[in-house]
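So the sequence shown is numbered by the working numbering: it starts at 39 and just counts up by one.
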Amino acid sequence: MELFTALATRASAGQLAEPGPTPEELLRIIEAAERAPDHGRLKPWRLIVLDGDSRGRFADAVVAARVARPPAPTPEQLTLERDKVWRSPAMVVVGCSVQRDNPKVPEIEQVVAVGAAAENLFLAAHALGYGVMWKTGPAAYDPGVKAAVGLRPDDHIVGIMHLGTRVK
Ligand SMILES: Cc1cc2nc3c(=O)[nH]c(=O)nc-3n(C[C@H](O)[C@H](O)[C@H](O)COP(=O)(O)O)c2cc1C
């Protein structure tokens with residue numbers, strides 16, 4: 039897809055189904071994300087592709103975070119939290135591992151670079167014909183959820199990116 043067509047037609051997918059990107063397409067998408075501009079070449083992004091096992095651990099952490107967050111959830115709400123993690127064929131968590139002692143590049147610039155990487159990822163997947171939903175929500179700010187994808191408590195989850203074939 040031509041760049042301006044991709045830019046003009048990019049939109050969030052409300053519902054995703056199989057198939058998701060192939061491993062080769064996922065690699066192209068990740069490589070496109072990593073071409074984001076980045077002050078100081080710190081490469082602060084962490085592009086974490088979740089497979090079946092790691093997605094299960096991520097879902098466990100999302101559920102634990104919801105249990106810890108008032109008001110107390112019903113069992114149905116917890117099931118919904120878990121199910122939401124599994125509502126797409128593929129998932130990439132876009133994290134920002136911040137260098138706080140960097141004298142030249144303040145935290146905001148590192149986070150902005152990761153936002154650019156997330157948008158590159160979105161557009162690359164869209165250009166290959168896939169639907170994308172960029173999510174965050176309270177779970178993205180939970181230290182246990184961050185730990186489940188190898189991030190530190192003071193790192194950031196900038197996006198929980200769901201990818202697949204757009205249904206709507
Ligand atoms: C940083 C960020 C976080 C987002 N988090 C959520 C989210 O938690 N839930 C959601 O439904 N959409 C989320 N979105 C997607 C926006 O809601 C969506 O882009 C917006 O509604 C505009 O729709 P469009 O992408 O189709 O233009 C997020 C987008 C960004 C950039």
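Glycine residues also receive a C-beta, built at the ideal position from the N, C-alpha and C atoms.
Notebook entry, point to check: Short check: CB of R93 to CB of V123, under 9 Å?
Noted result: For the purposes of this step, residue 93 is identified with residue 55 of the sequence shown, where counting begins at 1. For the purposes of this step, residue 123 is identified with residue 85 of the sequence shown, where counting begins at 1. In this structure, V123 lies closer than 9 Å to R93 by Cβ.
Check: From what residue to what residue does the beta strand (DSSP E) around A128 run?
Finding: Indexing the sequence shown from 1 puts residue 128 at position 90. First-last of the beta strand (DSSP E) with A128: 128 to 134.
Next item on the list: Compute every distance between the C-beta of M171 and the non-hydrogen atoms of ligand 1, then say whether any falls below 8 Å.
Entry: As a first step, residue 171 must be located in the sequence shown, where it is residue number 133. Correct: M171 has its Cβ closer than 8 Å to ligand 1.
Check: Considering only C-alpha positions, which residue in the set Q53, F42, E40, M39 is nearest to G169?
Finding: Taking the first residue of the sequence shown as position 1, residue 169 is located at position 131. Among Q53, F42, E40, M39, the Cα nearest to that of G169 is on Q53.
Check: So, helix, strand or coil for V205, using DSSP?
Finding: Taking the sequence shown and counting its residues from 1, the one referred to as residue 205 is at position 167. Of the three classes helix, strand and coil, the one that applies to V205 here is coil, per DSSP.
Checklist line | N- and C-terminal bounds of the beta strand (DSSP E) containing K173 | finding: Taking the sequence shown and counting its residues from 1, the one referred to as residue 173 is at position 135. That run of the beta strand (DSSP E) goes 169 to 173.
Margin query: Is S50 a contact residue of ligand 1, with contact defined as CB to any heavy atom under 8 Å?
Written below: To locate residue 50, count along the sequence shown from 1; it is residue 12. Yes, the Cβ of S50 comes within 8 Å of a heavy atom of ligand 1.
Margin query: Just verifying my parser: in three-state terms, what is the DSSP assignment at L54?
Written below: Your numbering for residue 54 matches position 16 in the sequence shown. Three-state result, L54: strand.
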